[in-house]
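Going from the sequence shown to the numbering used here is simple: count from 1 and add 831. Before any comments, here is the structure.
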Amino acid sequence: MTRRNSESNNILFLIGTGPHRNDNHRRLPKAFADEGCRVEVADHASLHLDRGIVKAADMDLGECDLIWPLGFGERRSFFDRAQLLRRIDQGRFVNVIDAYTYLHGKLAFLEHLPETHAGSDAVRLIERLDDRSDWIVKPSGTSFGQGVARIRNNADGHAAVRRTIREQGFAILQRYVESAADCEIRCIVAGGEVIGCYRRLPKTGEHRANLATGATAAPYTLSAAEHALAQAIATQLSAVGIGFAALDIAHPYLIETNIANPGGLGTIEALSEQDLAPRVADAIIKRHEPTGTQA
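As structure tokens, this is what we get:
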């Protein structure tokens, strides 16, 4: 990895005030600084339009080589801030702004998901249930396994669908993937390549493989088929302007795409004593260098 001149790239991180669910807000700026970049950090809430210029605090975003919003910031003002950020050349963003709206979450890349239905009509969703397998019902806008339930085609399952729609206004119904019970994999993607992964093991009696719900992480090496699946999605992500993401897979399926501020770097370091943040920084910098100037 070649160290860049400190004046060759500057990167602005937009970061919330916390509480933080991972350490990306510390780990990633440090990695870019170690690569020789000039690093600036500003709060999401400092974003504003000043006489036609989009600024974060006193910084003109048009003068930043790279811009990386970590997370959404305050949800109620996200779409307003996203409109401002879309005024900036999207080639400057680690992840294009539209991706935070359209490609982060549980309905992105449907062609790779298990059988999936979604909507606000409980009757229609319940009609899709059958007895060939269990199902997962979940809200579309939550994280860390919140509101996710494993159901069957019975009265309790129907009630869970209705409850999700009543409380959230929208529900996703997905055929349960048996392989996810003991082999859901978190893959880290940077610059269009899979750079690391780990296995997530749900606690006994739990269907959710989120670490926040008590799952445990374990070192893992992707099989050839798993790597092919993850790499195919990583290539798709890169093609639509996404430089960093985490994928949750249970072969042969994608379970979820995490773009806004995915965790996993700290977990991989805890499991392997390997900090992947320098590889992330290197991949992102190379991705945004003009053709022919890569080190």
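Even glycine gets a Cβ: it sits at the ideal position worked out from N, Cα and C. Bear in mind that the values here come from a model prediction, so they are computed numbers and not experimental data.
- DSSP places Y1029 within a strand segment (E or B) once states are collapsed to three.
- Close CB contacts of A1021 within its chain, under the 6 Å cut and outside five residues either way in sequence, are with F1075, V1111 and A1114 (chain order).
- Taking a C-beta distance under 9 Å as the contact criterion, G1023 and V927 do not qualify as a contact pair.
- In the three-state scheme derived from DSSP, where H, G and I count as helix and E and B as strand, E871 is classed as strand.
- Per DSSP, K886 is one residue of the beta strand (DSSP E) stretching across I884 to A887.
- Here G904 is not near S951, since their CB atoms are 9 Å or more apart.
- If you ignore the 5 residues before and after L880, its C-beta comes within less than 7 Å of the C-beta of L915, all in its own chain and listed in chain order.
- When secondary structure is reduced to three states using DSSP, N985 falls in the coil class, being assigned neither helix nor strand.
- About 6 Å separates the Cβ atoms of L1085 and I1064, confirming a contact at the 8 Å cut-off.
- The stretch 941-950 makes no contact with the stretch 981-991: fewer than 3 CB pairs, one atom from each, lie closer than 8 Å.
- Here R858 has L1096, G1097, D1106 and A1108 as same chain residues with Cβ atoms under 8 Å from its own Cβ, once five neighbours each way along the sequence are excluded.
- Secondary structure at Y1051: coil, using DSSP grouped into helix, strand and coil.
- Residue burial is scored here from C-beta neighbours: L941 has fewer than 16 other C-beta atoms within 10 angstroms and is therefore classed as exposed.
- Here the alpha carbons of V968 and R981 stand approximately 6 Å from one another.
- Sequence-distant partners of M890 (beyond 5 residues in either direction) whose C-beta falls short of 7 Å from its own C-beta, in its chain, are L843, E871 and A873.
- Remark: C-beta atoms of R983 and D962 approach each other more closely than 9 Å.
- In terms of Cα proximity to A1011, the closest of R1030, R923, R1118 and G849 is R1030.
- For L901, there is no enclosing beta strand (DSSP E), as DSSP marks it with neither H nor E.
- For L956, the closest C-alpha among the options R923, R1006 and G972 is that of R1006.
- Close CB contacts of T848 within its chain, under the 8 Å cut and outside five residues either way in sequence, are with D874 and A876 (chain order).
- In the DSSP assignment, H879 falls within the unbroken beta strand (DSSP E) covering L878 to D881.
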